[in-house]
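Engineer:
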Amino acid sequence: MSTDSRSPETFGDFPGHVEQSIRAKLTALLQPTDLLISNDSWQHRHHAAMKAQGGGSGETHFSVSVISDAFMGKTTMQRHRMIYAALAEEFAAGLHALTLKTNTTQEAHKVID
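With UniProt numbering, letter number 68 in the sequence shown gets 68, and the count goes up by one each step, no holes.
1. Are Asp40 and Phe62 touching if we call contact CB-CB under 8 Å?
2. Could you check which residue in Leu95, Leu36, Ile67, Leu26 has the C-alpha nearest to that of Lys110?
3. The beta strand (DSSP E) with Leu100 in it runs from where to where?
4. DSSP on Gly55, reduced to helix/strand/coil?
5. Sort Ala108, Thr104, Ala85 by Cα distance to Leu95 and report the nearest one.
6. Compute the beta-carbon to beta-carbon distance between Thr60 and Ala92, rounded to the nearest angstrom, for a pair I have assumed lies under 8 Å.
7. Taking only three categories from DSSP, how would you classify Ser21?
8. For Leu103 and Arg79, what's the separation of their Cα atoms in angstroms?
9. Give the range of the beta strand (DSSP E) segment to which Phe62 is assigned.
10. Quick one: give me the first and last residue of the alpha helix (DSSP H) that Gln78 is part of.
11. Which same chain residues, not among the five before or five after Leu100, have their C-beta less than 7 Å away from its C-beta?
If you want it as structure tokens, here you go:
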């Protein structure tokens, strides 16, 4: 599985606890062939409401790109609901937004071709 973590200005090269939790839960649930997580929270740091979010960690906004055959036969809405359900605790603790890109292996190959 290919993984990547990009948190440019907030956490440097070290993913925070929310990002680590997202990675662990999505890996366990989806067994992805590719999982890219980008911490976009730094882009929202000036929003007053975000300063207190994320359990005080500031980890509130992420982009996730995942390739998994667990998505076979599921609509985009069903795929997103799977992910949101898996991350319910993180949302309750202050995760504010996810940008999701969800594909099966077959769909990912079509994009590349």
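Idealized CB from N, CA, C, for every residue including glycine.
Structural biologist: In this structure, then:
1. Against a cut-off of 8 Å, the Cβ pair of Phe62 and Asp40 comes out as a contact.
2. Ile67
3. 97 to 103
4. Confidence at Gly55 is low in this model, with a pLDDT of 47, below 50, so the placement of that residue should be treated as unreliable; the coordinate-derived value is given next. Helix, per DSSP.
5. Ala85
6. Ala92 and Thr60 do not touch by the CB rule: their CB atoms are close to 13 Å apart, not below 8 Å.
7. Collapsing the DSSP output to three states places Ser21 in a helix.
8. First, the amino acid is wrong: residue 103 is Asn here, not Leu. Roughly 9 Å between the two C-alpha positions.
9. 61 to 67
10. 76 to 86
11. Val64, His80, Ile83
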